[in-house]
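**Q** Protein chains in written order, with the working numbering: chain A, 64 to 160; chain B, 115 to 377; chain C, 155 to 489. What follows is a structure written as structure tokens; I'll ask about it next.
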């Protein structure tokens with residue numbers, strides 16, 4: 064059975080290409096720490112291109128604006144980029160939500 | 115064809131084959147993790163490193179083939195030499211096996227660390243080789259080995275200083291593999307030859323630096339440096355373990371079955 | 155196709171929950187976006203059935219990429235030239251990367267990598283049937299590049315325009331890389347077909363074994379595909395199974411002619427009136443048998459994945475333990 068606490072945290076990856084003007088969001092990956100996230104981002108999202116800049120950010124650290132359609136009935140965490148509860152640190156005492 | 119430098123300023127093919135065989139054999143071993151890695155991201159990292167190593171092997175074999183002449187190619191050197199003619203370090207031909215597992219990630223990482231720490235220094239020194247083509251290959255390979263070194267060092271730390279199980283496996287891997295590093299420093303005729311022609315650095319001059327890299331990493335990882343001991347056969351002189359022949363048999367079987375074919 | 159399983163019943167038919175007040179407006183706005191060809195993004199409201207279908211489709215595609223690393227990875231060690239070894243390594247690495255992009259897209263919909271892998275390992279989730287066939291010869295590798303990747307591209311290009319943003323963006327990235335793979339596969343076959351009689355025989359043998367499974371990859375005939383309609387309504391599926399299959403046959407026949415291989419279908423011929431090729435009957439019994447777990451390699455493929463995952467648990471645990479120790483140390487130092 065999947066245990067959220069056993070998963071490596073999720074990181075969002077932003078890459079600015081050599082000729083690029085700004086960092087673009089490429090996708091995500093799982094890594095245990097920022098160092099590993101950077102290395103993996105390099106391998107997966109840039110295929111080792113030179114001169115690129117990579118940012119990695121824990122997914123849970125990103126705060127997003129609310130979508131135009133406010134889902135009052137369904138979205139408890141509409142200011143987060145994802146719906147998935149395991150991105151957010153839920154204290155063990157609370158148990159599975 | 116190397117028309118740019120006079121014949122004296124090109125590395126002996128034996129030395130090039132040693133470097134090439136190292137890269138190919140380790141590339142071959144690391145590729146065994148394709149589709150079998152402990153996590154998808156590591157599958158990708160290992161495939162990436164394998165690809166770098168095969169790329170290095172290709173450049174080195176191509177250079178050696180051009181020097182050899184007589185129709186030699188990168189593939190004739192890789193696929194049509196027997197185990198006794200290979201000049202890779204024995205360390206690199208060992209399977210990933212340990213007492214714990216048929217394929218043990220601790221063995222993979224520890225081996226990659228020991229080798230990439232060496233190559234970090236060797237490629238750096240070879241940038242000054244009097245063989246301009248070898249110097250160019252060294253510059254490219256140095257960039258790659260920096261990543262390999264960082265990857266394996268980071269993982270050595272995670273495994274050495276992770277759980278009790280990972281620590282035990284990594285210490286065991288280190289104990290198992292350390293004796294094979296002895297041949298890094300042992301003088302050989304090929305090595306002496308290359309040094310005297312200004313093509314390569316005497317590895318003995320790199321040893322203290324390598325020790326420093328190793329000791330620093332082991333300290334952070336909470337691992338003990340094994341006592342020196344054992345005298346495994348030195349693959350760089352063509353004396354290998356039992357593992358090289360089956361590795362090559364698998365690698366070469368198809369090419370040898372169709373010797374006249376182009377692929 | 156990698157997403158053929160959309161039409162395969164897996165018991166997870168979406169049930170209608172009670173609809174709360176105000177949801178009509180959300181549904182309407184959702185429908186408007188779909189009709190206007192605008193993207194649905196992770197934070198947007200979406201019908202539960204849409205979300206579930208996407209998770210299933212995207213994750214099945216991801217699983218296919220991962221499982222696909224096995225039949226091809228099988229030949230890395232024996233590639234008959236260093237150039238081909240390097241190309242195959244790069245391809246298998248790309249496939250891993252594609253799996254990663256897709257898992258990451260699926261995770262935006264409220265699931266986790268572990269949950270998705272669980273579903274795969276316990277046999278609940280499906281993956282493309284094509285990877286349950288063995289790669290018996292080196293020529294199979296080239297044929298997979300030519301035909302399997304070719305079929306995948308045909309299916310994937312329309313999905314680049316699908317309504318769900320993260321999926322569409324992942325597909326654009328994937329399509330760019332996949333067309334490279336197809337060209338390399340084809341080129342490798344060209345060289346072999348211009349080679350020795352043995353090489354030509356191996357290529358023909360590979361084509362004989364892969365052609366029909368590749369055609370079946372596009373999924374059951376339209377008449378038998380009940381879920382396709384909804385997928386098309388939602389802008390997830392853009393062309394029907396039969397339409398894609400026909401496109402693929404028409405594109406591939408001239409390529410086979412260039413290669414000088416025979417496609418193993420005596421009923422394959424150009425139909426002037428239709429402006430398309432007629433082709434023979436696909437053995438759907440075999441297809442269903444393979445999809446339901448009784449293909450040549452199903453058990454092996456899955457067992458390898460499960461073993462790799464279980465054997466790797468200690469590594470994942472070690473990495474997490476180390477990260478936790480580092481965090482604790484950092485806190486202590488800061489104190």
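Using N, Cα and C, we set each Cβ at its ideal position, and we do this for glycine too.
Are residue 202 of chain B and residue 139 of chain B close, meaning C-beta to C-beta below 8 Å?
**A** Residue mapping note: residue 202 of chain B aligns to position 88 of the second chain, counting from 1. Residue mapping note: residue 139 of chain B aligns to position 25 of the second chain, counting from 1. Result yes, Cβ atoms of residue 202 of chain B and residue 139 of chain B sit closer than 8 Å.
**Q** For residue 135 of chain A, name the three-state secondary structure that DSSP assigns.
**A** Start at 1 with the first residue of the first chain, and residue 135 of chain A comes out as number 72. Caution is warranted here: a pLDDT of 48 is assigned to residue 135 of chain A, below 50, making its placement in the model unreliable, and the coordinate value is therefore given only provisionally. Of the three classes helix, strand and coil, the one that applies to residue 135 of chain A here is coil, per DSSP.
**Q** Could you name the residues of the same chain whose beta carbon sits closer than 7 Å to that of residue 263 of chain B, not counting the 5 residues immediately before and after it, in chain order?
**A** Your numbering for residue 263 of chain B matches position 149 in the second chain. Closer than 7 Å at Cβ, skipping near neighbours: 230, 231, 234.
**Q** Sort out for me which residues DSSP pairs residue 188 of chain C with in a bridge.
**A** Counting from 1 along the third chain, the entry for residue 188 of chain C is found at position 34. Looking at the DSSP assignment, residue 188 of chain C forms no beta bridge with any residue, so it has no partner.
**Q** Could you check what DSSP says for residue 424 of chain C in three-state terms: helix, strand or coil?
**A** Working through the third chain from its first residue, we reach residue 424 of chain C at position 270. Residue 424 of chain C: strand per DSSP, three-state reduction.
**Q** Could you give the distance in angstroms between the alpha-carbon of residue 249 of chain C and the alpha-carbon of residue 220 of chain C?
**A** Working through the third chain from its first residue, we reach residue 249 of chain C at position 95. Working through the third chain from its first residue, we reach residue 220 of chain C at position 66. The straight-line gap from Cα to Cα measures roughly 7 Å.
**Q** Just reading off the alpha helix (DSSP H) that residue 310 of chain C is part of, what are its end residues?
**A** Here the question's residue 310 of chain C lines up with position 156 in the third chain. Counting along the chain, the alpha helix (DSSP H) containing residue 310 of chain C begins and ends at 303-313.
**Q** Is the segment 354-365 of chain C touching the segment 241-257 of chain C, taking contact as three or more C-beta pairs under 8 Å?
**A** The answer is no - the segment 241-257 of chain C does not touch the segment 354-365 of chain C, with fewer than three Cβ pairs under 8 Å.
**Q** Using the Cβ count rule (16 or more neighbours within 10 Å means buried), how would you classify residue 308 of chain C?
**A** As a position in the third chain, residue 308 of chain C is number 154, starting the count at 1. With 16 or more other Cβ atoms within 10 Å, it is buried.
**Q** I need the boundaries of the beta strand (DSSP E) containing residue 116 of chain A, first residue and last residue.
**A** Indexing the first chain from 1 puts residue 116 of chain A at position 53. First-last of the beta strand (DSSP E) with residue 116 of chain A: 116-121.
**Q** Check the Cβ-Cβ distances between residue 476 of chain C and every residue of chain A, and say whether any is below 8 Å.
**A** Walking along the third chain from the start, residue 476 of chain C turns up at place 322. Yes, because at least one Cβ of chain A sits closer than 8 Å to the Cβ of residue 476 of chain C.
**Q** I'd like the list of long-range same chain contacts for residue 311 of chain C, defined as Cβ closer than 7 Å, with 5 residues on each side in sequence excluded.
**A** Working through the third chain from its first residue, we reach residue 311 of chain C at position 157. If we look at residue 311 of chain C and ignore the five residues flanking it on each side, its Cβ neighbours are 329.
**Q** Short check: CB of residue 285 of chain C to CB of residue 455 of chain C, under 8 Å?
**A** The residue given as residue 285 of chain C occupies position 131 in the third chain. The residue given as residue 455 of chain C occupies position 301 in the third chain. Contact flag set, yes.
**Q** In chain C, which residues lie less than 7 Å from residue 91 of chain A when you measure between Cβ atoms?
**A** Residue numbering aside, residue 91 of chain A sits at position 28 when the first chain is read from its first letter. Correct list: 258, 261.
**Q** Just checking: is the beta-carbon of residue 107 of chain A within a distance shorter than 8 Å of some beta-carbon in chain B?
**A** Within the first chain, numbered from 1, the residue matching residue 107 of chain A stands at position 44. Output row for residue 107 of chain A: interface = yes.
**Q** Can you tell me which of B:197, B:226, B:198, B:205 puts its alpha carbon nearest to the alpha carbon of residue 164 of chain B?
**A** Reading the second chain from its first residue, position 50 is the one you call residue 164 of chain B. It is B:226 whose Cα lies nearest to the Cα of residue 164 of chain B.
**Q** Spatial neighbours of residue 241 of chain B within its chain, please: CB distance less than 8 Å, with the 5 preceding and 5 following residues excluded, ordered by chain position.
**A** The residue labelled residue 241 of chain B in the question sits at position 127 within the second chain. Excluding sequence neighbours, residue 241 of chain B sits near 249, 252, 253, 256.
**Q** With 8 Å as the limit, tell me which residues of the segment 244-273 of chain B have their beta carbon closer than that to any beta carbon of chain A; keep them in chain order.
**A** The segment 244-273 of chain B vs chain A, Cβ under 8 Å: 261, 264, 265, 268, 272.
**Q** Is residue 465 of chain C close to chain B? Criterion is C-beta to C-beta, closer than 8 Å.
**A** For the purposes of this step, residue 465 of chain C is identified with residue 311 of the third chain, where counting begins at 1. Output row for residue 465 of chain C: interface = yes.
**Q** Alpha carbon to alpha carbon, what distance is there between residue 429 of chain C and residue 410 of chain C?
**A** Position 256 of the third chain, counted from the start, is the residue given in the question as residue 410 of chain C. Position 275 of the third chain, counted from the start, is the residue given in the question as residue 429 of chain C. Their backbone Cα atoms lie some 18 Å apart in a straight line.
**Q** Taking residue 474 of chain C as the reference, which of A:97, A:119, A:105 has the closest Cα?
**A** Residue numbering aside, residue 474 of chain C sits at position 320 when the third chain is read from its first letter. Checked all of A:97, A:119, A:105; the closest Cα to residue 474 of chain C is A:97.
**Q** Using a cut-off of 8 Å between C-beta atoms, extract the partners of residue 94 of chain A located in chain B.
**A** Numbered from 1 along the first chain, position 31 holds the residue referred to as residue 94 of chain A. 155, listed in chain order.
**Q** Run through the segment 213-276 of chain C for me and flag every whole alpha helix (DSSP H) of 4 or more residues, listed as ranges in chain order.
**A** Counting whole runs of 4 or more residues, the segment 213-276 of chain C contains the alpha helix (DSSP H) stretches 236-261, 267-275.
**Q** Show which residues of chain C have a CB atom less than 7 Å away from the CB atom of residue 168 of chain B.
**A** Along the second chain, read from residue 1 onward, the residue named residue 168 of chain B stands at position 54. Going along chain C in sequence order, the residues near residue 168 of chain B (Cβ under 7 Å) are 236, 239, 240, 243.
**Q** Mind checking if residue 73 of chain A is an interface residue toward chain C, Cβ cutoff 8 Å exclusive?
**A** Start at 1 with the first residue of the first chain, and residue 73 of chain A comes out as number 10. Yes, contact with chain C.
**Q** Per DSSP, which residues does residue 194 of chain C bridge with? Please list them.
**A** Within the third chain, residue 194 of chain C is the residue found at index 40, counting from 1. Bridge partners of residue 194 of chain C: C:318.
**Q** Measure the C-alpha to C-alpha separation of residue 119 of chain A and residue 74 of chain A and round it to an integer number of angstroms.
**A** For the purposes of this step, residue 119 of chain A is identified with residue 56 of the first chain, where counting begins at 1. For the purposes of this step, residue 74 of chain A is identified with residue 11 of the first chain, where counting begins at 1. Whole-angstrom Cα-Cα distance: 6 Å.
**Q** Whole angstroms are fine: how far does the CA of residue 325 of chain C sit from the CA of residue 363 of chain B?
**A** Along the second chain, one-based indexing puts residue 363 of chain B at 249. Along the third chain, one-based indexing puts residue 325 of chain C at 171. If I take the Cα positions, the gap works out to 40 Å.
**Q** Any Cβ of chain C within less than 8 Å of the Cβ of residue 127 of chain A?
**A** Here the question's residue 127 of chain A lines up with position 64 in the first chain. Cβ-Cβ to chain C under 8 Å: yes for residue 127 of chain A.
**Q** State yes or no: is the beta carbon of residue 145 of chain B nearer than 8 Å to at least one beta carbon in chain A?
**A** Stepping through the second chain from its first residue, residue 145 of chain B is reached at position 31. No, its Cβ sits nowhere closer than 8 Å to a Cβ of chain A.
**Q** Please check if any C-beta of chain B sits within less than 8 Å of the C-beta of residue 77 of chain A.
**A** Counted from its first residue, the first chain places residue 77 of chain A at position 14. No, residue 77 of chain A does not count as interfacial toward chain B.
**Q** What separation, rounded to the nearest whole angstrom, lies between the Cα atoms of residue 225 of chain C and residue 451 of chain C?
**A** Reading the third chain from its first residue, position 71 is the one you call residue 225 of chain C. Reading the third chain from its first residue, position 297 is the one you call residue 451 of chain C. Going by the C-alpha atoms only, they are around 9 Å apart.
**Q** Could you tell me whether the Cβ of residue 473 of chain C comes closer than 8 Å to any Cβ of chain A?
**A** For the purposes of this step, residue 473 of chain C is taken as residue 319 along the third chain, with counting starting at 1. With 8 Å as the cut-off, residue 473 of chain C counts as an interface residue toward chain A.
**Q** Going by beta carbon distance, what residues of the same chain come within less than 8 Å of residue 238 of chain B, once the five residues before and after it are set aside?
**A** Indexing the second chain from 1 puts residue 238 of chain B at position 124. Cβ within range, chain order: 252, 256.
**Q** Compare the C-alpha of residue 247 of chain B against each of B:175, B:272, B:222 and name the closest.
**A** The sequence position of residue 247 of chain B within the second chain is 133, counting from 1. Closest by alpha carbon: B:175.
**Q** Given that a residue counts as buried once 16 or more other Cβ atoms are within 10 Å of its Cβ, and exposed if not, what is residue 325 of chain B?
**A** Here residue 325 of chain B refers to the residue found at position 211 of the second chain. Residue 325 of chain B is exposed by the Cβ-count criterion.
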